[in-house]
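To start, the structure under review is shown below, and the notes come after it.
Numbering (UniProt numbering), first residue to last: 1 to 463.
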């Protein structure tokens, strides 16, 4: 890795100063010590690495699993308790993640994107990430309001009034704008992936299909992914697409919020028979949108701009913010209030806030019974016995902040990794909110390296 790249691949066990400008760091296998050449910064690195070695990373035994609350993006999500606070824990099975190079890349990119977007008020906040022999774990703040799909299902005719929907829509726009500013395509915008806090604020979640755009690719890809009703015409026709694919999905989401159905689902909501994916894809490419009378002219104009099949003519986020529908929205105030609420300031009462009846009823806005009936239950042995045993110590990695965001994603010796998934560990996956920002430097390692497309590095250790 060249100088200036992100150092994110050290499971720090011990640190030894070997010279004025060098430090030796031992990881899981002491014989694989990493020797860092650090001209002029040896003392600063030694202190940072010693702090990383002294930290106690989280393990599965630190969390009490309460109930399943969601599924998507390659994993299942559980409500867990830790030291009096509630968190959402996403579990990704390594046997699934290592099934293919694409699956592994998505698992690692989700972890990286979650760290990239940390600190923005309208996305979920990554709190911890760690791994065991069989699973990856990512913990984020728990949103008591449930997801937008559940909220819409409780509304008359499955839709929200424009006055109630507009604040949430504005927050989603700002969240998507922030994600795009980091050169990330979200690619899975739908009601299930918009969580609501107890104050009614929107939180974009589940970055399992997020795509970090590398340098030299002109911001385009051809992967077929997403949820059928929310896919853009470019995706369903297998054509290259860019970041504007999220704007089409945004239009479908807004249509669903205001009209009670997705624009290209021709069967009424709640009907037993369902649209086939082929029918939906055909209508996305060729059918005209039928505009419900409940939509105002300003809403129709806004949605027409987003649901434009030609990517180059599609409404962009800046024009969307200046549209007639959002004419009276003070975007700076929306963002400022979001930061204030994230910092713990008392929010104003919101008519659309779906807060549960009491703090003890945290599952009021989640259909845990339905998830269990569909197999999202505490089936994994590690989860079932999380409170009953202490698993082997999982040493979190030393993760430094990014200094270079864009570089190509590379995987070495892919076939070897795929053949031995259960004995493979991703060094650098670990994360905790206690981790501090540290300078980058040169490092060498005998393990294979996964470099994500914005500059983080993950090492692969095989036992």
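Cβ coordinates follow ideal geometry from the N, Cα and C atoms, glycine included. Only a predicted model underlies this, so the values are computations on that prediction, with no experimental measurement involved.
Checklist line | Whether residue 258 touches residue 159 by CB criterion (7 Å) | finding: yes
Notebook entry, point to check: On the three-state DSSP scale, how would you describe residue 233?
Noted result: Residue state, collapsed to three classes: helix.
Checklist line | Three or more C-beta pairs below 8 Å linking the region 171-186 and the region 67-87 | finding: no
Next item on the list: Return the CA-CA distance between residue 407 and residue 179, expressed in angstroms with no decimal places.
Entry: For residue 407, the predicted model reports a pLDDT of 25, less than 50, meaning its position is unreliable and no value from the coordinates is stated.
Check: Helix, strand or coil: which one does DSSP assign to residue 125?
Finding: coil
Check: Quick one: is residue 263 buried, meaning 16 or more other Cβ sit within 10 Å of its Cβ, or exposed?
Finding: buried
Next item on the list: Can you tell me the Cβ-Cβ gap for residue 240 and residue 221, rounded? I've got them flagged as a contact below 8 Å.
Entry: 7 Å
Notebook entry, point to check: Is the beta carbon of residue 233 sitting closer than 7 Å to the one on residue 285?
Noted result: yes
Notebook entry, point to check: Any chance the region 88-97 sits against the region 293-307, with 3 or more Cβ pairs inside 8 Å?
Noted result: no
Next item on the list: Answer with buried or exposed for residue 304, where buried requires no fewer than 16 other C-beta atoms within 10 angstroms of its C-beta.
Entry: exposed
Next item on the list: Please go through the same chain and pick out, in chain order, the residues whose beta-carbon is closer than 7 Å to the beta-carbon of residue 202, but skip the five residues on each side of it.
Entry: 122, 168, 171, 172, 175, 194, 196
Note to self: Tell me the DSSP secondary structure of residue 261 in three-state form.
What the structure shows: coil
Notebook entry, point to check: How is the beta strand (DSSP E) around residue 87 delimited, first residue to last?
Noted result: Element bounds for residue 87: 85-93.
Next item on the list: Let me know the secondary structure DSSP gives residue 314 once reduced to three states.
Entry: coil
Note to self: Restricting to Cα atoms, I'd like to know which of 212, 213, 198, 188 is closest to residue 205.
What the structure shows: Closest option to residue 205, Cα to Cα, is 188.
Next item on the list: With hydrogens ignored, establish whether the beta-carbon of residue 118 is closer than 6 Å to any heavy atom of the ligand FMN.
Entry: As for the ligand FMN, it is missing from this structure, which has no ligand bound.
Note to self: Residues in the same chain with beta-carbon distance under 7 Å from residue 149, minus the five sequence neighbours each way, listed in chain order, please.
What the structure shows: 191, 192
Checklist line | Continuous beta strand (DSSP E) stretch holding residue 305: start and end | finding: No beta strand (DSSP E) contains residue 305, which is instead part of the alpha helix (DSSP H) from 297-306.
Item checked: Residue from 243, 310, 320, 227 whose Cα sits closest to the Cα of residue 212 -> 243
Next item on the list: Could you give the DSSP three-state label for residue 336: helix, strand or coil?
Entry: The DSSP-derived three-state label of residue 336 is helix.
Next item on the list: Would you kindly work out how many angstroms separate the C-alpha atoms of residue 125 and residue 225, rounded to a whole number?
Entry: 24 Å
Next item on the list: Could you pull out every unbroken alpha helix (DSSP H) segment of at least 4 residues lying fully inside the region 110-155, listed in chain order?
Entry: 148-153
Next item on the list: Go ahead and pull the three-state DSSP assignment for residue 62.
Entry: helix
Next item on the list: From the DSSP output, read off the bridge partner residues of residue 185.
Entry: 211
Checklist line | Rounded straight-line distance, which links the Cα of residue 77 to that of residue 276 | finding: 27 Å
Item checked: Test item: CB-CB of residue 208 and residue 106 under 7 Å -> yes
Next item on the list: Identify, in the order they occur along the chain, each residue of the same chain with its Cβ nearer than 7 Å to the Cβ of residue 251, setting aside the five sequence neighbours on each side.
Entry: The answer, listed in chain order, is 303, 306, 307.
Notebook entry, point to check: Under 7 Å, do residue 153 and residue 429 count as touching if we go by C-beta distance?
Noted result: no
Next item on the list: Whole angstroms is fine: what's the gap from residue 327's alpha carbon to residue 289's?
Entry: Answer to the nearest angstrom: the Cα atoms are 24 Å apart.
Note to self: Going by DSSP, what residue range makes up the alpha helix (DSSP H) through residue 282?
What the structure shows: 277-286
Note to self: Using DSSP's beta-bridge definition, name the partner residues of residue 71.
What the structure shows: 76
Margin query: Alpha carbons only, please: which of 245, 293, 111 is nearest the one belonging to residue 311?
Written below: 245
Notebook entry, point to check: What's the C-alpha gap between residue 131 and residue 57?
Noted result: 11 Å
Item checked: Euclidean distance between Cα positions of residue 71 and residue 313 -> 34 Å
Check: Between the beta-carbon of residue 134 and the beta-carbon of residue 94, is there less than 7 Å?
Finding: yes
Next item on the list: Under the assumption that residue 103 contacts residue 74 (Cβ atoms under 8 Å), give the Cβ distance between them as a whole number of angstroms.
Entry: Yes, they are in contact, since the Cβ atoms of residue 103 and residue 74 sit about 7 Å apart, within 8 Å.
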